[in-house]
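Report on the structure given below.
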Amino acid sequence: GEQVEQRPPHLSVREGDSAVITCTYTDPNSYYFFWYKQEPGASLQLLMKVFSSTEINEGQGFTVLLNKKDKRLSLNLTAAHPGDSAAYFCAVSGDTGANTGKLTFGHGTILRVHP
Amino acid sequence: DAGVTQTPRHEVAEKGQTIILKCEPVSGHNDLFWYRQTKIQGLELLSYFRSKSLMEDGGAFKDRFKAEMLNSSFSTLKIQPTEPKDSAVYLCASSQDWGDTQYFGPGTRLLVL
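Protein chains in written order, with this note's numbering: chain A, 268 to 382; chain B, 83 to 195.
Next comes the structure, spelled out in structure tokens:
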């Protein structure tokens with residue numbers, strides 16, 4: 268089945284710096300990609316949903332890049348601030364076969380942004 | 083519009099007890115998921131329903147974990163008997179259809195002594 272590897276597990280940056288989190292996946296038929304944010308003690312909140320046809324996706328304060336050739340998904344927080352401190356999870360969903368409709372999650376990245 | 087609700091938010095159980103966790107999906111959503119979240123294993127899929135039909139029955143979790151969806155607006159996850167290694171946060175999520183965004187509930191934090 269699908270496997271998703273997320274790096275790094277922990278990331279510490281200063282306020283205003285960029286922060287990059289990367290996921291690689293194994294199933295070439297993966298079609299939907301997600302980034303979720305989880306603040307301490309809270310549940311997962313959707314940051315962005317990405318379709319396989321879109322390589323660059325802009326959000327508020329972040330960019331998501333999808334490289335289907337390399338099977339890599341990345342989240343780039345362009346100017347991090349302390350409110351971005353949280354755990355971030357990528358998730359991948361397939362379009363066919365056993366992975367249809369199911370999300371396979373990366374293991375998560377705990378981001379700390381220092382003032 | 084109400085999101086996914088889960089009860090209870092916290093549960094403490096003795097080893098060997100039976101516990102039942104509850105979830106109400108977003109109204110109109112057809113897919114419902116149960117996950118377990120731990121620091122070591124991350125997010126693991128326990129069960130998956132599509133239009134109330136069980137699509138995924140938990141694999142390694144089968145023998146003590148049983149999820150049911152008696153109607154489209156309510157699901158339960160029963161753990162019987164509980165073991166200390168079941169201590170985790172149990173998350174319920176729902177989506178409108180396959181491939182759609184999954185919306186997560188606040189979770190139930192379970193501690194098994």
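Yeah, the Cβ is synthetic: ideal placement off N, Cα and C, and Gly gets one too. Given the structure is predicted, the values throughout are model-derived calculations rather than measurements.
(message) Which complete beta strand (DSSP E) runs does the segment 329-368 of chain A hold, if anything under 3 residues is left out?
(response) 329-334, 339-344, 353-361
(request) Go through its chain and collect everything with a Cβ distance to B:ASP168's Cβ below 7 angstroms, but skip five positions before and after it. (result) ILE161, LEU192, VAL194
(request) With a 10 Å radius around its C-beta and 16 neighbouring C-beta atoms as the bar for buried, classify A:GLY283 as buried or exposed. (result) exposed
(request) Report the rounded CA-to-CA distance for A:TRP302 versus B:MET151, giving the unit in angstroms. (result) 28 angstroms
(request) Give, in chain order, every residue of the segment 173-190 of chain B whose Cβ lies closer than 7 angstroms to some Cβ of chain A. (result) LEU173, TRP180, GLY181, THR183, GLN184, PHE186, GLY187, PRO188, GLY189
(request) Residues of the segment 121-155 of chain B with a CB closer than 8 angstroms to any CB of chain A: list them in chain order, please. (result) GLY124, LEU125, LEU127, TYR130, ARG132, MET137, GLU138
(message) Which residues in chain B have a C-beta closer than 8 angstroms to the C-beta of A:LEU378? List them in chain order.
(response) Correct list: empty, because the minimum Cβ distance to chain B is about 16 angstroms.
(request) Pick out the complete beta strand (DSSP E) segments inside the segment 138-172 of chain B, 3 residues or longer, and give them in chain order. (result) 147-153, 156-161
(request) Report the option in A:PRO276, A:HIS277, A:PRO295 whose CA atom is closest to the CA atom of A:LYS335. (result) A:PRO295
(request) Leaving out five residues on either side along the sequence, give the residues of the same chain with a beta carbon under 7 angstroms from the beta carbon of B:GLY98. (result) PRO163, THR164
(message) Counting only Cβ pairs nearer than 9 angstroms, list the residues of chain B close to A:PHE356.
(response) GLY124, LEU125
(request) State the Cα-Cα distance for the pair B:CYS105 and A:ILE377, rounded to the nearest angstrom. (result) 27 angstroms
(request) For A:GLN327, decide whether its Cβ has a neighbour in chain B, counting only Cβ atoms nearer than 9 angstroms. (result) no
(message) Just checking: is the beta-carbon of A:LYS316 within a distance shorter than 9 angstroms of some beta-carbon in chain B?
(response) yes
(message) Using C-beta distances below 6 angstroms, list every residue in its chain close to B:ALA95, excluding the 5 sequence neighbours before and after it, in chain order.
(response) ILE101, THR164, VAL194
(message) Here's the rule I'm using: 16 or more other beta-carbon atoms within 10 Å means buried, otherwise exposed. How should A:ASP351 be labelled?
(response) buried
(request) Output, in chain order, the set of chain B residues within a Cβ distance shorter than 8 angstroms of A:HIS374. (result) GLY124
(request) Determine, using beta carbons only, whether A:LYS369 comes closer than 9 angstroms to chain B. (result) yes
(request) Give a yes or no on whether 9 angstroms exceeds the smallest Cβ distance from A:GLN312 to chain B. (result) yes
(request) Helix, strand or coil for B:HIS92, going by three-state DSSP, please let me know. (result) strand
(request) Quick one: measure Cβ to Cβ for A:LEU333 and A:VAL317, integer angstroms, because I've assumed they're closer than 8 angstroms. (result) 5 angstroms
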